[in-house]
Structures are given as C-alpha cells and as structure tokens.
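Numbering (this note's numbering), first residue to last: 560 to 833. Working notes, beginning with the structure itself.
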C-alpha cells in the first residue's frame, strides 16, 4: 500500500461529504467531475507497504469472501489486489492517475479485475458506508481528519486497519509489530451511551457512558465491571442482590438483547429510554 493524499488546503469539507453516495454499488468507474482534484493538487509521498505487512493487515481484519474493502490511498493497488485474491470485493482510491493505471493493470495481471477496482478520487470524497474494512497508510493528521467519518459512516463492527499511524486517543483494539512496521486494528463501536430500561432476570435503569469502545456505567446504581464493547457485542458484570451476573448483549439502535453467539441464554431485554 502507498499513501497519496490531497493538499490539506484543498480537502473537501466534511459537511459536503455527508451527501456523497455510491454509484452502482460502489464499483462503477470514477468519472471526473468539477470537484475532482486537479493535477496541481497532487502531493505524493509514495511509500510502499511490504507484502508481508499487507498480509498481516488483512489477517488482523479477517478479510474474506463476504467483505467489501476500501483502501484509501491505494498506490500500486497491492492491498486491494491481495484482498481480492482472498475473495473479497475491493476498491482502491488514489489521486495519482499513474498509480491508478498501474493498480488496474496489476489487478488484470492477477486476474482479479472483477473484484478489485480503482478510481482516481480524493479519499475525503470517497463514500464509506458500504465498507466492511477500510485500510490506511496515511499521515497522522489525515487519520484524525478521517476519524469522525470512520466512526459515523461505517457500520458497527466494521474494521479499520492502519499501517504505522494511530487515530489519536481512539485506542486500537489490537496492535501488532512486524519488523519495523506496526499495524493497528479498530472495530467500529456501536453507539451504546445513554439510559436503558432493563427487564427480565434483571430490572432497572442501566446507565452507560461511552468514549469510543470504552464504557462505564451502572445498573440501578450498582457499578458495572469488566465492560467491553466490540462492534455491537457488549459484555459487562454487575453485582445484583444475592448474585454476581455477567451480561453478554447485542446493542441495537433502540434495543439491547442477549447475544446468542456468546451462549447468553438468560431472558432479558433492555430498551433505550434516553
């Protein structure tokens, strides 16, 4: 992977980005518009990601045939191509037309051009809504500018993988060193903060406070312990009258329910009340 970015002074505003949508499922060839970057806007700190690091990034994100991956700053296309070789659909975006052509030719040579597509496009103008995985090798300040969109446009449970650079105070869910490289993985958390009315084996008001995937809270004033949130999967332990119970839940927009995949068989529900 490489990083090819727009000059910070010419980046599309986040307000305008909210209206962006995919064309034909997100893989239609990109057609330049008046908002497309001009040649003079290019700034190209071109740094390749070693193939073993690419493989480790895809492994950490568990990329497979059911995934749609977007590589922001795709350079020679190796991340999108290697994802396509695992059966995923992939889109690489880059400002440098030569890199886009190079990546498309490499995808054709690898015979994955039906699954790995490339566009000349500003990464800040790239819709993210349909992505299961987003890969990055960008500058720290660009990661921070992207962070609000990653947290709000991606679905809870989507994976973000960055080569070397972090997301400020959004702590990675996992980090790994490989030679001189460092790889970081984030799982986009569900919005769980607020008040929930619990019914069933435990009743009362569940209060949750949230900062990214880190939560704290209480159930009827009893503090929660060992609280974890991974995508929509929430786990917490609380001391109830006469027993200590661990809850494993799936967080929805308006309701929280037991997580059947975690073996949670207890009968309870929680309804968002604020």
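Quick reminder that beta carbons are idealized off the backbone N, C-alpha and C, glycines included.
Cβ neighbour criterion (16 or more within 10 Å) applied to residue i
i, result
"residue 732", "buried"
"residue 796", "exposed"
"residue 668", "exposed"
"residue 801", "exposed"
"residue 622", "buried"
"residue 787", "exposed"
"residue 826", "exposed"
"residue 784", "exposed"
"residue 634", "buried"
For residue j and residue i, the rounded distance between their alpha carbons
i, j, result
"residue 660", "residue 707", "30 angstroms"
"residue 804", "residue 748", "23 angstroms"
"residue 639", "residue 662", "9 angstroms"
"residue 683", "residue 702", "11 angstroms"
"residue 821", "residue 658", "44 angstroms"
"residue 777", "residue 760", "16 angstroms"
"residue 830", "residue 813", "6 angstroms"
"residue 671", "residue 630", "16 angstroms"
"residue 771", "residue 729", "6 angstroms"
"residue 617", "residue 832", "39 angstroms"
"residue 625", "residue 645", "10 angstroms"
"residue 632", "residue 766", "40 angstroms"
"residue 773", "residue 737", "27 angstroms"
"residue 717", "residue 620", "9 angstroms"
"residue 705", "residue 715", "16 angstroms"
"residue 513", "residue 775", "The first residue shown for the chain is 560 and the last is 833, placing residue 513 beyond what the model contains."
Own chain partners of residue i with C-beta closer than 6 angstroms, once the 5 adjacent residues on each side are dropped
i, result
"residue 712", "687 and 688"
"residue 745", "719, 731 and 732"
"residue 709", "719"
"residue 789", "746"
"residue 727", "703"
"residue 811", "none"
Beta-carbon proximity list for residue i, same chain, < 7 angstroms, skipping 5 on both sides
i, result
"residue 764", "754, 756 and 779"
"residue 587", "Confidence at residue 587 is low in this model, with a pLDDT of 34, below 50, so its placement is unreliable and no value can be given for it."
Beta carbon of residue i nearer than 8 angstroms to that of residue j
i, j, result
"residue 742", "residue 719", "no"
"residue 612", "residue 740", "yes"
"residue 758", "residue 768", "no"
"residue 750", "residue 724", "no"
"residue 636", "residue 615", "no"
"residue 643", "residue 610", "no"
"residue 656", "residue 679", "yes"
"residue 652", "residue 694", "no"
Proximal residues to residue i (C-beta, below 8 angstroms), its chain only, five neighbours per side dropped
i, result
"residue 809", "791, 792, 793, 815, 816, 817 and 818"
"residue 627", "585, 647, 648, 649, 650, 689, 690, 691 and 692"
"residue 807", "792, 793, 794, 817, 818, 821, 822 and 823"
"residue 641", "610, 613, 614 and 617"
"residue 781", "797, 798 and 799"
Could you tell me which whole beta strand (DSSP E) segments of length 3 or greater appear in the segment 738 to 788? 740 to 746, 753 to 759, 763 to 770 and 773 to 778
Alpha helix (DSSP H) segments (min. 4 residues) lying fully within the segment 648 to 732: 656 to 668 and 699 to 712
Can you give, in chain order, each stretch of the alpha helix (DSSP H) that sits fully within the segment 611 to 655 and has at least 4 residues? 637 to 644
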